[in-house]
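Here the structure is laid out as structure tokens; the discussion comes afterwards.
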Amino acid sequence: MHEPAIEATTTLTMADAEARLREALKGEGFGVLTEVNVQSVLKDRIDVDVEPYRILGVCNPKLAHAAISIWKGFGLIAPCNVALYDVGDHRVVAAFDPAEVPEVRGNAELYDIARQASSGIRRAVASLDGT
């Protein structure tokens, strides 16, 4: 059985971890389409304080185009979310593995595209592991 999350831990600051992650994702052909500062949203909307927590919605345009050409429902699972959050004195970088989506696993062409995306995300996240 596969794990649905791709994870790494780092002792870098949140800002440094995010900057390195963005560069690593860029090197794998991914761009950041959406950004959510969960900490700020929760403070603004319901006045609660939480640890720093960021969500980046990332996408590889070439892979996205190929996937949309096969399955118009691709937008239901894209962009791929990558979360950065504090646990004690370190940061966790976690991404959902796009190859684990049931609709993708049931289609050989989509699964191949998702595995390519998964590999790129996995390399980008792994580049922060232990830093």
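Residue numbers for the sequence shown follow the working numbering, so the first one is 17 and each next one is one higher. Note that CB positions come from ideal geometry on N, CA and C, so glycine has one too. The model shown is predicted, which means the values in this text are computed figures rather than measured ones.
Burial of Arg70 is indicated by the presence of at least 16 other C-beta atoms within 10 angstroms of its C-beta.
One thing to note: Ala111 has its Cβ within 8 Å of the Cβ of Asn97.
Residue pairing from DSSP places Glu23 in a beta bridge opposite Ala110.
The beta carbon of Ser143 lies closer than 6 Å to those of Ala40 in the same chain, with the five residues before and after it left out. Using a C-beta cut-off of 8 Å, the segment 123-140 makes contact with the segment 33-53, since at least three inter-stretch Cβ pairs fall below that distance. Per the coordinates, the alpha-carbon of Val64 lies some 44 Å from the alpha-carbon of Glu125.
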